[in-house]
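Chains as they are written, first to last, in our numbering: chain V, 96 to 784; chain D, -17 to 45. C-beta: ideal position from N, C-alpha, C; glycine also. I have placed the structure first, in the form of structure tokens, so that the comments after it can refer back to it.
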Amino acid sequence: MHKNIRTIIWLCVVTLGVAAICAIALNRGESISALWFIAAAACVYAIAYRFYAAWIAATVLTIDETRATPAERLENGRDFIPTNKWVVFGHHFAAIAGPGPLVGPTLAAQFGYLPGTLWILIGAVLGGAVQDMVTLFFSTRRDARSLGQMARDEIGPIGGAAALIGTFLIMIILIAVLGLVVVNAMKHSPWATSTVAATIPIAMLVGFYMRNFRPGRVLEASILGVILLLLAVVGGGWINHNENLRGLFDHDGLSLAWAIIAYGFAAAVMPVWLLLAPRDYLSTFVKLGTVTLLAVAILILQPHIHMPALTQFTDGTGPIFGGKLFPFVFITIACGAISGFHALIASGTTPKLLANERDIRMIGYGAMLLESFVAIMAMIAATVLEPGVFFAINSPAGVVGKEAVDAIAKINSWGFAVTLDQMNQLAKDMGENSLFARTGGAPSLAVGMASIFGNAFGKSMLALWYHFAIMFEAIFILTTLDAGTRVGRFMLQDMLGNIWPKIGRTSWMPSVIFTSGLVVAGWGYFLYIGVIDPNGGVNILWPLFGIANQMLAAIALCVATGILVKSGKLKYAWITGLPLAWLVIVTSTAAWQKIFSDDVRVGFFAAANDLATKLAAGTLPPEKAAVAPHLIFNQQLDAYLTMFFVVVLWIVIFDTARVTLRYLTGKPLLPLTEVAHEPSRLVEDWVRD
Amino acid sequence: MLQRIKHLWHILRRLTGDDAYDIYLKHHLEFHDSSLDAPAALSRKEFFKLWQDSKWKGIKRCC
């Protein structure tokens, strides 16, 4: 294309992007079209990908197309396989995109649509996507080594240990909070519970099909499974209307929590082919399909956002979680903007498939942009709801009151219009008993998605769409739960194996049961507390998860910055140094407030002391007094856990600073572990078959 | 057109791992079948077992 035409096109993209962001930021009207969000996102991503990511790839990382990748050099026909870039992109995206980008933006919508949206866009292009891309690059240059190994080799043993322990703890908290999200979505909902329950035998059937009946026919088995899943959604509606059967699936939060704990243990002990692997296929299909469908529906329907740009809750009094806009919006939205967990996929897993270094920009940077777009869609789905309805669904009973009338009065007093009739009608439309205090983000996201789908593809099936959305969220939350428990078990076996070698043997059944039990007990404890907490548990667990995840991101960025410095690229080290500095500020401030704030809804110790005083004075109602000792202990535990995260973070930062200083003063360092250049023999059309 | 559909189908199979065994066989023929005492290729069922188990050793899914 002629150079001038290209320049004009890019100028148009820039103009449209600026216009869209201004429209979003300056709108103070009743509502705003969701198309502005899509336009802003598309332009920001296009510009960032074309210019920033290309510049990083060419100038900072100096990507070398002629260099053989680990997939080529170590090809074994099994895990190291040079693969078409679209296929690698698909694998990478499916691996990084979990429930995080759906839940985080929904919760952060309590501040209004603007802060979350801006953070998702800016955080992704300057932080998350850069982290994923440079981690992928460095791991590719190091025989596809994992983040922990790279930290140990390049920074030192402390960095390696920090990455390992950090990963393990994040896993525990992540699983607990995701379990809580599922429990809250299934609470007293026979339809949702029966549909989610049905996914277990369906997954087993699919597993049996591809293991024994038609070995390796993954595609056939998955299609069969997806059809069965859709039938399960319809069947759930039938169960819901059947007076005899619905009682079987109508449970309170605590029984459902125990069921999930039992399930998690079983899934970790059972062979992967029976449950975990087939469930993963199904969830990946459903996930990609639903996300595409949502994008199409938003484009067709062009829904209007009803949430204001900013709400009064930026002052820290929000009902969903306590804490001011800064730093908590940056903690609440981790996945979708920047997520440390991605570094674990970008190192170790994806580089084994990468055919050529030139694909790193598209896979590392591009997949994160797509995940960020998923987060934008979740934000749209949460904010198309009337704000009154949004807060009625997401505010825990401990904040707005147990009775519907109280909740309505409280929400109206905040200036958000909603009526009891409106909520009852909505619950009826969605096939639920009640939608009050359904915290965790999943139900409100499902209501938002159902209303978008319903308006785009026919309104008669709202209840079906709602439960389809719940099934969609539940199925890959449960996949994360299975996979996380299993990985946690492997990590624990690995760690304990240093003390007693026998326990490190992954196939020795007593060790499998013991370590799985420990991991399940770990997250099961937090899940249990989250369920009995009258403030909904999400208020505690989600910020804890956010802090942990951002801490892991900071570790990954430390490793990347350290490698850049050691490679003699100090003048470019800001590309990871800048997001690192921001994350350190955000994480440390959030942790400080979670530990020392006097606000009982923010500070862990403040909440523990407040509860202890009330307990001692005997002013608590008996059902609250019964659980108060657990809650007090838990708040204190959370405070120490947060302290631990921050200490680990600062140790790694000082370690990286030490490496940088040694480099600057010319002292000896751990050598770079980049493998030597070996020319690629792969011919273009051979790889891209 | 037919070529396009074939190509998409190929990508879909690759993406899902439906053709993992075919790739393995191709690799085996190319690199391990040259000498007489080379081990025989695994059967589809055996290969699938190994493939699935090794796939689930590390961190494969995140938040």
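Check	Outcome
Select from the region 430 to 458 of chain V all residues with a C-beta closer than 8 Å to any C-beta belonging to chain D, and list them in chain order.	C430, S434, F436, H437, L439, I440, G443, T444
Quick check on the DSSP output: what are the complete beta strand (DSSP E) runs of length 3 or more inside the region 368 to 426 of chain V, in order along the chain?	none
Should the region 647 to 655 of chain V be called in touch with the region 208 to 226 of chain V, which here means at least 3 C-beta pairs below 8 Å?	yes
What number of angstroms, rounded off, separates the C-alpha of F29/D from the C-alpha of D1/D?	12 Å
I want to verify the contact list: residues of chain V whose CB lies under 9 Å from the CB of K27/D, in sequence order.	R306, N307, P310, G311
For R162/V, which of helix, strand or coil comes out of DSSP?	strand
Quick one: which residues of the region 180 to 196 of chain V get their C-beta closer than 9 Å to a C-beta of chain D? List them in chain order.	W181, V182, G185, H186, A189, A190, I191, A192, G193, P194, G195, P196
Within 10 Å of its beta-carbon, does I100/V have 16 or more other beta-carbons around it, so buried, or fewer, so exposed?	exposed
Counting C-beta neighbours from all protein chains within 10 Å, is the total for D693/V 16 or more, i.e. buried, or is it exposed?	exposed
Apply the 10 Å Cβ neighbour rule to V155/V and answer buried if 16 or more other Cβ atoms are within range, or exposed otherwise.	buried
Around the C-beta of H186/V, are 16 or more other C-beta atoms found within 10 angstroms, so that it is buried, or is it exposed?	buried
Looking at the structure shown, is I(-7)/D part of a helix, part of a strand, or coil, going by DSSP?	helix
What three-state label does DSSP hand I547/V in the structure shown?	helix
Taking Cβ positions only, does S284/V come closer than 9 Å to chain D?	no
Spell out whether any CB of chain D is found under 9 Å from the CB atom of R168/V.	no
Does any residue of chain D bring its CB to less than 9 Å from the CB of T110/V?	no
Since N489/V is in the alpha helix (DSSP H), which residue starts that stretch and which ends it?	482 to 489
Run through DSSP, which three-state label would S683/V get?	helix
What did DSSP end up calling W781/V once you bin it into helix, strand or coil?	The pLDDT assigned to W781/V is 47, lower than 50, so where the model puts this residue is not dependable, and the model offers no usable value.
Grab the span of the alpha helix (DSSP H) containing I116/V for me, first residue to last.	98 to 121
Taking any Cβ of chain D, which residues in the region 546 to 565 of chain V have a Cβ under 7 Å from it, in chain order?	none
Which stretch, first to last residue, makes up the alpha helix (DSSP H) that contains E498/V?	Looking at the DSSP string, E498/V is not in any alpha helix (DSSP H), and its letter there is neither H nor E.
Quick check: what's the CA-CA separation for S606/V versus I116/V?	54 Å
Report back the beta-carbon spacing between K505/V and V513/V to the nearest angstrom; my notes put them in contact at under 8 Å.	Between V513/V and K505/V the Cβ distance is about 10 Å, and since that is not below 8 Å, they are no contact.
For L24/D, does the three-state DSSP call read helix, strand or coil?	coil
Helix or strand or just coil, what does DSSP make of L448/V?	coil
What are the start and end residues of the alpha helix (DSSP H) that includes T737/V?	717 to 759
Find the nearest neighbour of A292/V within the set S546/V, W637/V, L439/V, L573/V, judged by alpha-carbon distance.	L573/V
Report the rounded CA-to-CA distance for D784/V versus L449/V, giving the unit in angstroms.	Note that D784/V has pLDDT 44, beneath the 50 cutoff, so the model's placement of it is unreliable and no number is given.
Mind pulling the chain D residues with CB within less than 7 Å of V367/V?	Q34, D35, W38
How close, in whole Å, do the beta carbons of H399/V and V479/V come, if the pair is a contact with beta carbons under 8 Å?	7 Å
Cβ closer than 8 Å: which chain D residues qualify as neighbours of L314/V?	L(-6), R(-5), T(-2), D0
Find the residues of chain V that neighbour K42/D, judging by a C-beta separation of less than 9 Å, and give them in chain order.	A190, D375, I440, T444, A578, V582
Would T751/V be called buried (16 or more neighbouring beta carbons within 10 Å of its own) or exposed?	buried
Establish whether the CB of A271/V and some CB of chain D are separated by less than 9 Å.	no
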